[in-house]
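**Q**
Protein chains: 2
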Amino acid sequence: MKEPLTSFNPHLSVDCVVFGFDGNSLKVLLVEKVADNHAKHIPRKHKLPGDLIIRMEDLYGAAERVLLELTGLSNIFLKQFSVFGTPDRISDPDDIRWLEDTSGVTISRVVTTAYYSLIKIGKSKVKNVVKNNASWHDVANLPDLAFDHEEIIKEGIKSLQMAIRHEPICFELLPRKFTLRETQILYEAILGHELDNRNFRKKLLKAAYIEPLDEKQNGVAHKPARFYKFNKKKYELNRTDILNYNF
Amino acid sequence: MKEPLTSFNPHLSVDCVVFGFDGNSLKVLLVEKVADNHAKHIPRKHKLPGDLIIRMEDLYGAAERVLLELTGLSNIFLKQFSVFGTPDRISDPDDIRWLEDTSGVTISRVVTTAYYSLIKIGKSKVKNVVKNNASWHDVANLPDLAFDHEEIIKEGIKSLQMAIRHEPICFELLPRKFTLRETQILYEAILGHELDNRNFRKKLLKAAYIEPLDEKQNGVAHKPARFYKFNKKKYELNRTDILNYNF
DNA sequence: AATAGTTAGCGTATTTTTTACGCTGAGATT
DNA sequence: AATCTCAGCGTAAAAAATACGCTAACTATT
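Chains as they are written, first to last, in our numbering: chain A, 2 to 248; chain B, 2 to 248.
1) Distance, Cα to Cα, Ala135 (chain B) vs Lys48 (chain B)?
2) Could you pull the DSSP bridge partners for Ile34 (chain B) from this structure?
3) Verify the CB distance criterion: does Asp197 (chain B) have a CB-CB separation below 8 Å to chain A?
4) Determine the closest residue to Lys80 (chain A) out of A:Gly220, A:Lys203, A:Ile170, A:Leu181, with distance taken between C-alpha atoms.
5) Which of the three DSSP states is assigned to Ala115 (chain A) in this structure?
6) Closer than 8 Å, CB to CB, is Tyr236 (chain B) near chain A or not?
7) Consider the Cβ of Asn247 (chain B): report whether some Cβ of chain A lies at a distance smaller than 8 Å.
8) Would you kindly work out how many angstroms separate the C-alpha atoms of Ile91 (chain A) and Tyr117 (chain B), rounded to a whole number?
9) If you draw a straight line from the alpha carbon of Tyr236 (chain A) to that of Leu244 (chain A), how long is it in whole angstroms?
10) Which runs of the alpha helix (DSSP H) fall wholly inside the stretch 79 to 164 of chain B and span at least 4 residues, in chain order?
11) To the nearest whole angstrom, what separates the beta carbons of Leu174 (chain A) and Phe20 (chain A), a pair I think is in contact under 8 Å?
12) Beta-carbon separation of Val111 (chain A) and His223 (chain A) under 8 Å?
13) Rounded to whole angstroms, how far is the Cβ of Ala190 (chain B) from the Cβ of Ile153 (chain B), which I believe are closer than 8 Å?
14) Grouping DSSP H, G and I as helix and E and B as strand, with all else coil, what is Glu212 (chain A)?
15) Residue range of the alpha helix (DSSP H) that Lys230 (chain A) falls in?
16) With Phe82 (chain A) and Gly157 (chain A) assumed to form a contact (beta carbons below 8 Å), what rounded beta-carbon distance in angstroms separates them?
17) Could you check what DSSP says for Ser8 (chain B) in three-state terms: helix, strand or coil?
18) For Leu238 (chain B) and Lys230 (chain A), what's the separation of their Cα atoms in angstroms?
19) Only counting the same chain, and skipping five residues up and downstream in sequence, which positions put a Cβ closer than 8 Å to that of Thr180 (chain A)?
20) Could you list the residues in the stretch 62 to 91 of chain B with a C-beta less than 8 Å from some C-beta on chain A, going in chain order?
21) In this structure, what does DSSP give as the bridge partners for Asp52 (chain A)?
22) DSSP beta-bridge partners for Val29 (chain B)?
23) So, is the C-beta of Leu27 (chain B) closer than 8 Å to a C-beta in chain A?
24) By alpha-carbon positions, which one of B:Val29, B:Gly193, B:Ser160 ends up nearest to Leu143 (chain B)?
25) Looking at the secondary structure, which residues open and close the alpha helix (DSSP H) in which Gln185 (chain B) lies?
26) Return the CA-CA distance between Pro5 (chain B) and Val106 (chain B), expressed in angstroms with no decimal places.
27) Which of the three DSSP states, helix, strand or coil, is assigned to Lys217 (chain A)?
28) State the CB to CB distance for the pair Met57 (chain A) and Pro88 (chain B), rounded to an integer number of angstroms; the pair is presumed to be in contact (CB under 8 Å).
29) With distances taken from CA atoms, which of B:Tyr246, B:Ile211, B:Asp215 is nearest Lys234 (chain B)?
30) So, with DSSP's three-state summary, where would you put Asn239 (chain B)?
31) Would you mind sorting Asp149 (chain A) into buried or exposed? The rule is 16 or more other CB atoms within 10 Å of its CB.
32) When you compare the CB positions of Leu119 (chain A) and Phe78 (chain A), do they come within less than 8 Å of one another, or not?
33) Starting from the C-beta of Asp160 (chain B), find all residues in its chain whose C-beta is less than 8 Å away, skip the five residues before and the five after it, and write them out in chain order.
34) Can you list, in chain order, the residues of its chain with a C-beta nearer than 6 Å to that of Ala147 (chain B)? Leave out the 5 residues immediately preceding and following it.
35) Taking Ser14 (chain A) as the reference, which of A:Val32, A:Leu53, A:Arg98 has the closest Cα?
36) Roughly how many angstroms separate the alpha carbons of Phe172 (chain A) and Ile165 (chain A), rounded to a whole number?
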């Protein structure tokens, strides 16, 4: 499955900040940096899913490949948000050795294009859990990260915060059927502060593309909430105006 | 002054969309792609100022270098806004030959990090006008461009449009002393549509960091307007809130 | 000298959006 | 039966956006 090692471009990589939402807090998917061969002394650190670019591979395509290999999902929301290219961003000798071991190329300097990705946590099989030791981590409580991956995640969150104010992308993180409250909790988790439920719901319901279903929660210890779904076609058709959620 | 040719990384480059404002319309600084040596048959096309990265050079630093060499200015507003990395973005044989001739390295695939830059058109000496055939072009009327530089400019304008709604960066394009009308014309030029002068001025003057001066225009064929200046320190101090110009 | 043309700059009235709450309803839990 | 929690509808007040009217001050034109 893996390309010959020498086909990697030693200067270019992609890293994916994969966001998920479990109903309570915003999560990010991390893998564990483990050396395949020798070098047991290298400490196991977490890192973002990412890879060097295969020669002549498209950047976006590389990000898709990384996510497909990791989660088994394609057609995922994926957005480039920044490039990280300071010459010393990969400077820890352990990090360099690990990269060279796993890629088979000599690492001089790597510029990485960062994407953030939004996935429905329930849908993700996270196929290579065992192989890569992939796991979800609360963005408010991240483990030690390799390279400059902490900075990349922080920037990714900033980009996401901006994006949810202008584009209806929160539905990429919510299940197909969702309640308004779930949506609000998601917004609160991303923005990092609380919102008034009555005003929040008013603002959301102005949008015709958020459609009520004839279905309600049950088994909850309070008045059951109605489910809604996002009508993407309706949104695409009349998005004459940019939405503006100034939360 | 120039580094040895072999020091370029053949995979990485920066390109700068340098915006300027002449009081009427938004301009972008382009250079002419001319081959130093032979190859007279290569058509002269315009391109963005940019360059391959010197080994171990910082991306931001590379963008600064390109601008310093071109305009003689440092401490310029510079913001990374996107990466362009499709494998075929440099595919025209003439473009490839020109790149190889001028850089001295073999070009396989180049990922470019795009910055936009805001400069006060009056201040710019545009030092290397002759050498690079640099010139300002109206963004509404661009010449034929090499590579994917037209796409890069279009994306740069979009980023700028977003940015001027949230950050007081228009002052990077205006002279130190400016009138409200000049500011409005600049906003109109960037956004591509007209604004109501009375509402525009009300909105701007709410900001304490736009300070009136005791100085007015003269020699204009209408009531002379007051000059203002941007007080950056005042802005930095109490920017508790993100500004929101929903023009 | 009068007139026309242009932008400056102050105002007002109306509509829309935001903000801050009050309150009842429908379930489960104790 | 009382209590807890969130759902969901509502209202009143404040703030912001929008749409204009109008006079002031200057140059250019006749």
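Each residue gets a CB set at the ideal place from its N, CA and C atoms; glycine is no exception.
**A** From the atom records:
1) Position 134 of the second sequence holds residue 135 (chain B). Position 47 of the second sequence holds residue 48 (chain B). Taking the straight line joining both Cα atoms gives about 10 Å.
2) The residue you call residue 34 (chain B) lines up with position 33 of the second sequence. Reading off the sequence shown, one finds Lys at residue 34 (chain B), where the question assumed Ile. DSSP, once it has assigned bridges, lists B:Lys46 as partnering Lys34 (chain B).
3) Taking the first residue of the second sequence as 1, we reach residue 197 (chain B) at position 196. Not one chain A Cβ lies under 8 Å of Asp197 (chain B).
4) As a first step, residue 80 (chain A) is located in the first sequence; it is residue number 79 there, counting from the start. Among A:Gly220, A:Lys203, A:Ile170, A:Leu181, the Cα nearest to that of Lys80 (chain A) is on A:Ile170.
5) Position 114 of the first sequence holds residue 115 (chain A). DSSP places Ala115 (chain A) in strand when its eight states are reduced to three.
6) Residue mapping note: residue 236 (chain B) aligns to position 235 of the second sequence, counting from 1. Tyr236 (chain B) does not count as touching chain A.
7) By 1-based counting over the second sequence, the position of residue 247 (chain B) is 246. Yes - at least one Cβ of chain A is within 8 Å of the one on Asn247 (chain B).
8) Within the first sequence, numbered from 1, the residue matching residue 91 (chain A) stands at position 90. Within the second sequence, numbered from 1, the residue matching residue 117 (chain B) stands at position 116. So the alpha carbons of these two residues sit roughly 26 Å apart.
9) Along the first sequence, one-based indexing puts residue 236 (chain A) at 235. Along the first sequence, one-based indexing puts residue 244 (chain A) at 243. In a straight line, the C-alpha of Tyr236 (chain A) is about 11 Å away from that of Leu244 (chain A).
10) Within the stretch 79 to 164 of chain B, the complete alpha helix (DSSP H) runs of at least 4 residues are 94 to 104, 130 to 133, 150 to 164.
11) Here residue 174 (chain A) corresponds to residue number 173 of the first sequence, with the count starting at 1. Here residue 20 (chain A) corresponds to residue number 19 of the first sequence, with the count starting at 1. With a beta-carbon spacing of about 6 Å, Leu174 (chain A) and Phe20 (chain A) fall inside the 8 Å limit used to define contacts.
12) As a first step, residue 111 (chain A) must be located in the first sequence, where it is residue number 110. As a first step, residue 223 (chain A) must be located in the first sequence, where it is residue number 222. No, they are not a contact pair.
13) Along the second sequence, one-based indexing puts residue 190 (chain B) at 189. Along the second sequence, one-based indexing puts residue 153 (chain B) at 152. The pair is not a contact, with the Cβ atoms about 19 Å apart (cut-off 8 Å).
14) Reading the first sequence from its first residue, position 211 is the one you call residue 212 (chain A). Correct three-state label for Glu212 (chain A): strand.
15) Position 229 of the first sequence, counted from the start, is the residue given in the question as residue 230 (chain A). Counting along the chain, Lys230 (chain A) falls outside any alpha helix (DSSP H), though it belongs to the beta strand (DSSP E) covering 227 to 231.
16) The residue labelled residue 82 (chain A) in the question sits at position 81 within the first sequence. The residue labelled residue 157 (chain A) in the question sits at position 156 within the first sequence. About 6 Å; that satisfies the 8 Å criterion.
17) In the second sequence, the residue the question calls residue 8 (chain B) occupies position 7. Note: Ser8 (chain B) maps to helix in three-state DSSP.
18) As a working mapping, residue 238 (chain B) is identified with position 237 in the second sequence. As a working mapping, residue 230 (chain A) is identified with position 229 in the first sequence. Annotation: Leu238 (chain B) to Lys230 (chain A) spans about 43 Å, alpha carbon to alpha carbon.
19) In the first sequence, residue 180 (chain A) corresponds to position 179, counting from 1. Spatial neighbours of Thr180 (chain A) in its own chain (CB-CB distance under 8 Å, excluding positions within 5 residues in sequence) are listed in chain order as Gln218, Ala226, Arg227, Phe228, Tyr229.
20) Gln81, Ser83, Val84, Gly86, Thr87, Pro88
21) By 1-based counting over the first sequence, the position of residue 52 (chain A) is 51. In DSSP, Asp52 (chain A) forms a bridge with A:Val15.
22) Looking up residue 29 (chain B) in the second sequence gives position 28. DSSP lists B:Phe20, B:His138 as partners of Val29 (chain B).
23) Locating residue 27 (chain B) in the second sequence gives position 26, counting from the first residue. For Leu27 (chain B), the nearest beta carbon of chain A is not closer than 8 Å to its own beta carbon.
24) Within the second sequence, the letter at position 142 stands for residue 143 (chain B). Considering only alpha carbons, the answer is B:Val29.
25) By 1-based counting over the second sequence, the position of residue 185 (chain B) is 184. Boundaries of the alpha helix (DSSP H) around Gln185 (chain B): 181 to 192.
26) Taking the first residue of the second sequence as position 1, residue 5 (chain B) is located at position 4. Taking the first residue of the second sequence as position 1, residue 106 (chain B) is located at position 105. Note that Pro5 (chain B) scores a pLDDT of 46, beneath 50, so its modelled location is shaky; the value from the coordinates is reported in the next line. Between Pro5 (chain B) and Val106 (chain B), the C-alpha separation is close to 11 Å.
27) Taking the first sequence and counting its residues from 1, the one referred to as residue 217 (chain A) is at position 216. Lys217 (chain A) falls in the strand class under three-state DSSP.
28) Locating residue 57 (chain A) in the first sequence gives position 56, counting from the first residue. Locating residue 88 (chain B) in the second sequence gives position 87, counting from the first residue. For Met57 (chain A) against Pro88 (chain B), the beta-carbon gap comes to about 5 Å, under 8 Å, which counts as contact.
29) As a first step, residue 234 (chain B) is located in the second sequence; it is residue number 233 there, counting from the start. Of the candidates B:Tyr246, B:Ile211, B:Asp215, the one whose C-alpha sits nearest the C-alpha of Lys234 (chain B) is B:Ile211.
30) One-based indexing of the second sequence puts residue 239 (chain B) at position 238. Coil at Asn239 (chain B), not helix or strand.
31) One-based indexing of the first sequence puts residue 149 (chain A) at position 148. Classification of Asp149 (chain A): buried, given that the 10 Å Cβ count is 16 or more.
32) As a first step, residue 119 (chain A) must be located in the first sequence, where it is residue number 118. As a first step, residue 78 (chain A) must be located in the first sequence, where it is residue number 77. Cβ distance < 8 Å, so Leu119 (chain A) and Phe78 (chain A) count as in contact.
33) Your numbering for residue 160 (chain B) matches position 159 in the second sequence. Just to set this straight, residue 160 (chain B) is Ser in the shown sequence, not Asp. Result list for Ser160 (chain B): Lys80, Phe82, Ser83, Tyr117, in chain order.
34) Translated into the one-based positions of the second sequence, residue 147 (chain B) becomes position 146. Lys34, Lys46, Lys48, Asp96, listed in sequence order.
35) Residue numbering aside, residue 14 (chain A) sits at position 13 when the first sequence is read from its first letter. Considering only alpha carbons, the answer is A:Leu53.
36) As a working note, residue 172 (chain A) is residue 171 in the first sequence. As a working note, residue 165 (chain A) is residue 164 in the first sequence. Phe172 (chain A) and Ile165 (chain A): Cα-Cα distance of roughly 10 Å.
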